[in-house]
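Note sheet for the following structure.
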Amino acid sequence: MKEREFVSVFRSSKKNDTYLFVRRGQKWEELPENLRGIFGQPVHSMDLVLTPDRKLARTTGKQVLEAIGEKDFFLQMPEEQDGYVVDFKRKLDQRNP
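Sequence positions in the sequence shown follow the numbering used here and run 18 to 114.
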């Protein structure tokens, strides 16, 4: 995990309160196809320098940086409401064998 990373944050055009954190300059086509299909068209929200100690609304900089280091992205979904998140995760798992 890097001590700091310049990341871009995108919101989903399909799912409310769903955000994707990636390295700045990450090519959309290089992310998993199943993620792109479920997420929909990305809408740029912001760019920021992220450090492990930075606190975010629903997570920490450390969690985001670890996920980006492992999978090239961090997906932030809304808190579970009426099975929405469970359904979203199931669809993602079905598309990712």
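Virtual Cβ for every residue (Gly too), placed ideally from N, Cα, C.
Note that the coordinates shown come from a computational prediction; the quantities given were computed from them, not determined experimentally.
**Asked** So what does DSSP say about residue 20, is it helix, strand or coil?
**Response** The answer is coil: DSSP assigns residue 20 none of H, G, I, E or B.
**Message:** According to DSSP, is residue 28 part of a helix, a strand, or is it coil?
**Reply:** strand
**Request:** Jot down the residue ranges of each uninterrupted beta strand (DSSP E) in the region 48-92, minimum 3 residues, whole runs only, in chain order.
**Result:** Positions of the beta strand (DSSP E) runs, each at least 3 residues long and wholly inside the region 48-92, are given as 59-67 in order along the chain.
**Asked** Is the region 61-77 touching the region 45-53 in the sense that three or more CB pairs, one from each, lie closer than 8 Å?
**Response** Judged by Cβ distances under 8 Å, the region 45-53 makes no contact with the region 61-77, as fewer than three pairs qualify.
**Request:** Please state whether DSSP places residue 40 in a helix, a strand or coil.
**Result:** strand
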